[in-house]
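Note sheet for the following structure.
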Amino acid sequence: MKRIDWFYRLLILVMIFLVGRLIVLQVVDQDYYRVLADENRVKLEIIRARRGVIYDRHGEMLVKNTAEGREYVYGEAMSQVLGYAGEISEEELKMCEEKDDCQFGLGDVIGKMGIEKEYDSSLRGEDGGVLVEQDAEGERLREIGRKEPVNGRDLSLTLDWGLQRKAYELMAKEPGAVVASDPMTGEILALVSSPGFRPDKLEEFVNDKDLPMFNRAIGGEYPPGSVFKVVTAIGALEEGKVDEETEIEDTGEILIGAYRFGNWYYDQYGRKEGRLEITRAIARSNDIFFYKLGEWLGMMALSDWAKYFGLGSVTEIDLPGEANGLIPDPEWKEEFKGEQWYLGDTYISAIGQGDILTTPLQVNQMMSVIAGGSKWCQPHLLKTDKDMCRRLDISQESLDLVTEGLKQVAETGGTAWPLFDFKVKGERIYVAGKTGTAEFGDPKERTHAWFTGFAPLEKPNIVVTVLMEAAGEGSDKAAPIVKDLLSYWFNRQ
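In this text, residue positions in the sequence shown follow the numbering used here: the first is 16, and each later residue adds one.
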């Protein structure tokens, strides 16, 4: 009997527990479990918004949508400027969720570089969704509600796809950059960083020693060398330190104590060039002439003029990753190096050496000011009807003298021999430009090669800047690329 009593007592306890649990499930927690039941019955199906398509200035499709994602039609040639889009990573999502207005979730596609990143909010659009009721087997029973997606905005860029592709081909995957722009509007016609990468095979390029995913055109900082003499010339003319009749004798070298400052022509060939005025000094890129201009102008004024042209700060082009560059002065050297500024520092700064650093885009902007008759136009990649230009306070007399010197650079006796007697379809096209061969402290004594110039001389419609890293002299390496690019441009026109 005692065993039966214990059995009934245990059975009663079990029944009490089950009834209690049932009460909790059906009464106390009924709202919670109703939600779970409803969620098993109602499902949200996301309708992805179509990401915007990207076109060039002529309506040529550069980026389109495919079943697998985004297709970048011109691959490596456009890679740095267009960038790429991809599924948001857990790290990116975590960073987003730390902000109050995060709108992303796992599976969302976002722009991660270039135009895709800069204009992501416009390109991305807004996803929609459908609420559907389903049975226990997951079969759809009915549609409860729907929100249509808002497709992303299509973008028209200022880029000329043919010019971009030609520039990339001419660089032959050698490290460097090409920037081409319209000096009257600030529209970027081509922006190439070489070598490029393939957005569909990122894993092959991420750790490449040649840094194909680094945008050299806007993020690379380089000593400009002799292309900087444009700034020195304008500054000295505007400050009244020289005029069209001022002559300086080429002594081959200047000695200050134990320090020597030579002219490239004297160092290479042991020859001097006599007395030169400013246009001839620009044409011959005479270092002695520009050492003296720097001395007469002074480093503070030279620094101010460089910054007036936009050097030493971002241009605010509509791309992420732009670098500032650097325009030093005595205060900067004291603060960051703890050293005094000397006349020799001014000498080498006047010819674009020393601590001066510029990006290829900034050099292109500098030359655009001359080509545009003192117009400084905001460089941009998105087509717009907005006027993005302003006038710099530079006299026409100074512009004319410097332009004449730049014209002589590309004529017999100048330094840009590949552009002598430049013709397209048998017609002479006058080019104005400046070569640059910039030392950068390389143990092998290699130099960066620069050329920046514009054409046609009277009514310029293109400014082209080429930088080739550690390639040699600007006249031998960069100028031929500019010639071929201008030939392509004017042949099409």
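Think of the CB as a built atom: it goes at the ideal place given N, C-alpha and C, for glycine as much as any other residue. Note that the structure is a prediction, hence the values are computed from the model and not measured.
1) How is Tyr-87 classed by DSSP in three states: helix, strand or coil?
2) Closest to Lys-459 by C-alpha separation, out of Asp-499, Asp-415, Glu-236 and Ala-486, would be which residue?
3) Using a 10 Å radius around the Cβ and a threshold of 16 neighbouring Cβ atoms, would you call Phe-351 buried or exposed?
4) Taking the beta strand (DSSP E) that Trp-391 belongs to, which residues open and close that run?
5) Out of Gln-411, Gly-388 and Val-378, which has the shortest C-alpha to C-alpha gap to Ala-464?
6) Measuring from the CB of Glu-419, is there a heavy atom of the ligand FMN at a distance below 8 Å?
7) Would you report the Cα separation of Leu-59 and Lys-492, rounded to the nearest angstrom?
8) For the beta strand (DSSP E) containing Arg-155, list its first residue and its last residue.
9) Here's the rule: buried if 16 or more other CB atoms are within 10 angstroms of the residue's CB, otherwise exposed. What is Ser-104?
10) Give a yes or no on contact between the segment 262-274 and the segment 339-354, applying the rule of three or more CB pairs nearer than 8 Å.
11) Per DSSP, which residues does Thr-374 bridge with? Please list them.
12) Thinking C-alpha only, which one of Val-497, Glu-488, Met-76 and Val-165 is nearest Ala-195?
13) Looking at C-alpha atoms only, which residue of Ser-171, Asn-222 and Met-228 is the closest neighbour of Gly-191?
14) Taking all protein chains shown into account, do 16 or more other C-beta atoms lie within 10 angstroms of the C-beta of Thr-81, making it buried, or fewer, making it exposed?
15) Quick check on Asn-506: buried or exposed, where buried means 16 or more other Cβ atoms within 10 Å of its Cβ?
16) Going by CA-CA distance only, name the one from Glu-131, Val-446, Asn-278 and Arg-295 that's closest to Lys-287.
17) What's the call for Ala-151, buried or exposed, on a 16-neighbour Cβ count within 10 Å?
18) Just to confirm the assignment, what range does the alpha helix (DSSP H) spanning Cys-404 have?
19) So the candidates are Phe-305, Arg-295 and Asp-436; which of them puts its Cα closest to the Cα of Val-246?
20) Pull up the DSSP beta-bridge partners for His-395, would you.
21) Taking the CB atoms as reference points, tell me whether Gly-250 and Leu-358 lie closer together than 9 Å.
22) For the segment 440-457 against the segment 466-485, are there 3 or more C-beta pairs whose distance is under 8 Å?
23) Do the segment 178-191 and the segment 135-144 make contact, defined as three or more Cβ pairs closer than 8 Å?
24) By the DSSP assignment, the beta strand (DSSP E) with Asn-80 in it spans what residues?
25) Given 8 Å as the limit, is there contact between the segment 142-160 and the segment 68-84, that is, 3 or more CB pairs closer than that?
26) Over the uninterrupted alpha helix (DSSP H) stretch that includes Leu-174, give me the two end residues.
27) As a quick exercise: from Ile-297, Trp-356, Gly-267 and Asp-333, pick the residue whose alpha carbon is nearest that of Glu-310.
28) Quickly, what does DSSP pair Asn-463 with across the bridge? List them, please.
29) Report buried or exposed for Phe-435, applying the criterion of at least 16 other Cβ atoms within 10 angstroms of its Cβ.
30) Assuming Glu-253 and Ile-293 make a contact with CB atoms under 8 Å, what is their CB distance in whole Å?
31) With a CB to CB cut of under 7 Å and the five nearest residues on each side skipped, what residues in its chain are close to His-395?
Once the coordinates are examined:
1) In the structure shown, Tyr-87 falls within a strand segment according to DSSP collapsed to helix, strand and coil.
2) Ala-486
3) exposed
4) 390-392
5) Nearest of Gln-411, Gly-388 and Val-378 to Ala-464, Cα basis: Val-378.
6) Looking at this structure, you won't find the ligand FMN or any other ligand, since it has none at all.
7) 60 Å
8) Start and end: 155-162.
9) exposed
10) no
11) Residue pairing by DSSP places Thr-374 in no beta bridge whatsoever.
12) With respect to the C-alpha of Ala-195, the residue from Val-497, Glu-488, Met-76 and Val-165 having the closest C-alpha is Val-497.
13) Met-228
14) exposed
15) Residue burial annotation: Asn-506 is exposed, with fewer than 16 other C-beta atoms found within 10 angstroms of its C-beta.
16) Asn-278
17) The residue is exposed, with fewer than 16 neighbouring Cβ atoms inside 10 Å.
18) Not the alpha helix (DSSP H): Cys-404 falls in the beta strand (DSSP E), residues 404-406.
19) Phe-305
20) Glu-202
21) no
22) yes
23) The segment 178-191 vs the segment 135-144: no contact.
24) 76-80
25) no
26) Here Leu-174 belongs to no alpha helix (DSSP H), and DSSP marks it neither H nor E.
27) Trp-356
28) A small correction: the amino acid at residue 463 is His; Asn does not occupy that position in the sequence shown. Its beta-bridge partners are Ala-453.
29) Answer is exposed; the Cβ neighbour count stays below 16.
30) Actually they do not touch by this definition, with Cβ atoms about 12 Å apart.
31) Counting only residues of its own chain and dropping the five nearest sequence neighbours on each side, His-395 has a CB closer than 7 Å to the CB of Thr-173, Gly-201, Glu-202, Ile-203, Ile-332, Asp-333 and Met-403.
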